[in-house]
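This report concerns only the one structure given below.
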RNA sequence: GCCGACGUAGCUCAGUGGUUAGAGCGCUCGCCUGUCGAGCGAGAUGUCGAGGGUUCGAUUCCCUUCGCCGGCGCCA
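In this note's numbering, the protein residues as written are 964 to 1560.
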């Protein structure tokens, strides 16, 4: 090493020692006769002092330098309690400029906010900033912790292909042309789902992988086209085993990285309970607003809007104090979400009298009983949604979150974890006009019905429940999984209900079905959204903060400029324009000798 | 695909239908021996995202377009 110590680790005990440091000029305070420089390396910052003025004068921000000097206690009164190294400083005898830095496109300074585009274009500079560097370091530690927990439990870390064929998740695939077979394409995996199930058939019993996944869908703050899962699968387990493992991982992560001791087992809630009480399959339990089902309360109402399959309400405490403009704002908010509006009633703070546009349409009895039925007090506002149960609950659930935000009810210092279990197996598949044309799998078609439904899910597909579970943290789904179907007869019945013919099943995942002919063990697993987990641990709002080189909107990488057009030669060689011999209308059959499902 | 916001100096942002478009930070130069987001003085830096239109005159108003951010759709 060209240095003897790390800058951030020098302490009073080093006083008197001669040290050689290497790092970057973080800040220069030039007093003429004496110059102070904050020298930064990966470990932190230390103040170095130049008495000979000329060489220090030439230094600029982010020059990479090597210095040799003597560690000394700072003169009394000049200590800096803000810095871990604040008791000491290094007086320089020898300076070597390892490399110079051009003027910076933006300051490497925690106090200055810089636009994301500029930061990503010069991400290597952005990552010199303390907060950004910490997020990346934290992620490394999170991955190490996961490996420690899983390694101690005899899990095998196994890599799976990234050049593969399309797997049955619902997103668009990224495709890769194949030079050796013009006209044929690989797909990048949306997850290692099928491979990890094959590894169970292979007797690996306990698999995990920190796996890159690819989905060609639109962006969000918490979504990237390539993202990472901590992917896990186990044989001979029940749902409770997976949940216990998930809790162990989360406990280890939050214990070390957030200094938060979570008491396991985490609370569990069924999917239906979550929807009924919170209008979300990933409720944030840091605030205790709940939805009220008013369907029976309003049965027989004259008000057309409330003559619906479901009428529900959510209360905004103190919401009656909102201005007309604020109440109108809720209408815009609801319309932006595709709802027609958000009906509301405000309860007079003095008299408790119900007022607002909706109140006129309600009977005397309904107005009188409303506060009780909705769980509201004088001075509150009550928001309503009416229509189909699912969409109304979702609207109220979104309103619940928005109320918490606007009313400042979210305690950011808290962590709320829970499992949402008993997810439905199926939901109606609809055409463009919203007419039901069949059923589609909520999770994926290999998810096992639970014990109660395994023999009769066909009798009421909309009610059938799965051994599927999501782990939720502060209103974010951070992981999810299921027990898989390992019985051929059950799998056949599920395909049949989903309207997937034997031929089609063979086309899409014949290789898995083949494998399942050879004694597949009962198995199940879970996948954590690793970017999201790290984002929460890092306390940031965007997964971009925990990805070293994230993409911006539209899949553009501001640093490399990818994606780029390709040359005519590249096109030709890649076989992008190869014409298939016959038009391909569906995925090509998977051909395998002996596939006799 | 849809909705909303934004785009002015290297960075963060202010501003205006009318003379030469500003601030802070950064940058360059100078001064300064105890600073720590050092201080003081001087200086340089602009396709006001792009194109078109209205106007005597547009960075400002209108239209289109591009970029970016957030949300909806989409993403099991």
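Cβ atoms here follow ideal geometry from the backbone N, Cα and C, with glycine treated the same way.
In the DSSP annotation of this structure, residue 1529 is not part of any alpha helix (DSSP H), being labelled neither H nor E.
The distance from the Cβ of residue 1346 to that of residue 1276 is about 6 angstroms, consistent with a contact at the 8 angstroms cut-off. For residue 1423, the number of other beta carbons within 10 angstroms of its own is below 16, and it is reported as exposed. Runs of alpha helix (DSSP H) with 4 or more residues, each lying fully within the segment 1090 to 1170, are found at 1093 to 1115, 1156 to 1164, listed in chain order. The secondary-structure analysis by DSSP pairs residue 1176 across a beta bridge with 1190. Of the residues 1291, 1375, 1301, 1298, the one whose Cα lies closest to the Cα of residue 1309 is 1291. Residue 1195 is positioned such that its CB atom lies no closer than 8 angstroms to that of residue 1363. Restricting attention to 1245, 1235, 1063, 1330, the CA atom closest to the CA of residue 1264 is found in 1330.
In the three-state DSSP reduction, residue 1036 falls in the strand class (E or B). Between residue 1260 and residue 1336, the C-beta spacing is below 8 angstroms. Residue 1358 sits away from residue 1306, with the two beta carbons spaced by 8 angstroms or more.
Excluding the 5 residues flanking it on each side, residue 1093 has same chain C-beta neighbours closer than 8 angstroms at 1073, in chain order. The beta strand (DSSP E) runs of length 3 or more contained entirely in the segment 1480 to 1533 are, from start to end of the chain, 1486 to 1492.
Going by beta carbons, residue 1216 and residue 1167 fall outside the 8 angstroms limit. The three-state secondary structure of residue 1224, taken from DSSP, is coil. In this structure, residue 1420 places its C-beta atom within 8 angstroms of the C-beta atom of residue 1412. Non-local beta-carbon contacts of residue 970 in its own chain, meaning distances under 8 angstroms to residues more than five positions away in sequence, involve 984, 986, 1002, 1003, 1004, 1006, 1007, 1008, 1009, 1048 in chain order. The beta carbons of residue 1090 and residue 1067 sit no closer together than 8 angstroms. Looking at 1507, 1503, 1514, 1489, the one whose alpha-carbon comes closest to that of residue 1198 is 1489.
The C-beta distance from residue 1051 to residue 973 rounds to 6 angstroms, short enough to meet the 8 angstroms contact threshold. Residue environment for residue 1532: exposed (fewer than 16 other C-beta atoms within 10 angstroms of its C-beta). About 11 angstroms separates the CB atoms of residue 992 and residue 1022; that is not less than 8 angstroms, and the two are not in contact. Residue 994 is classed as exposed because its beta carbon has fewer than 16 other beta carbons within 10 Å across all chains shown. One alpha carbon belongs to residue 1037, the other to residue 1513, and they sit about 42 angstroms apart. DSSP, reduced to helix, strand and coil, places residue 1293 within a helical segment of the structure shown.
Counted as a single uninterrupted DSSP element, the beta strand (DSSP E) harbouring residue 1310 occupies residues 1306 to 1310.
Taking all protein chains shown into account, residue 1452 has fewer than 16 neighbouring C-beta atoms within 10 Å of its C-beta and is therefore exposed.
Between residue 1245 and residue 1438, the CB-CB gap stays under 8 angstroms.
In the structure shown, residue 1324 falls within a helical segment according to DSSP collapsed to helix, strand and coil.
If you check the CB distance, residue 1012 and residue 1054 come in under 8 angstroms. Taking residue 1520 as reference, the option from 998, 1084, 1352, 1046 with the minimal CA-CA separation is 1084.
Closest option to residue 1069, judged by alpha-carbon separation, among 1059, 1080, 1248: 1080. Residue 1294 has its alpha-carbon roughly 15 angstroms from the corresponding atom of residue 1369.
Residue 1312 sits close to residue 1283, with the two beta carbons spaced by under 8 angstroms. Bridge pairing for residue 1195: 1171, 1489 [DSSP]. Secondary structure at residue 1213: helix, using DSSP grouped into helix, strand and coil.
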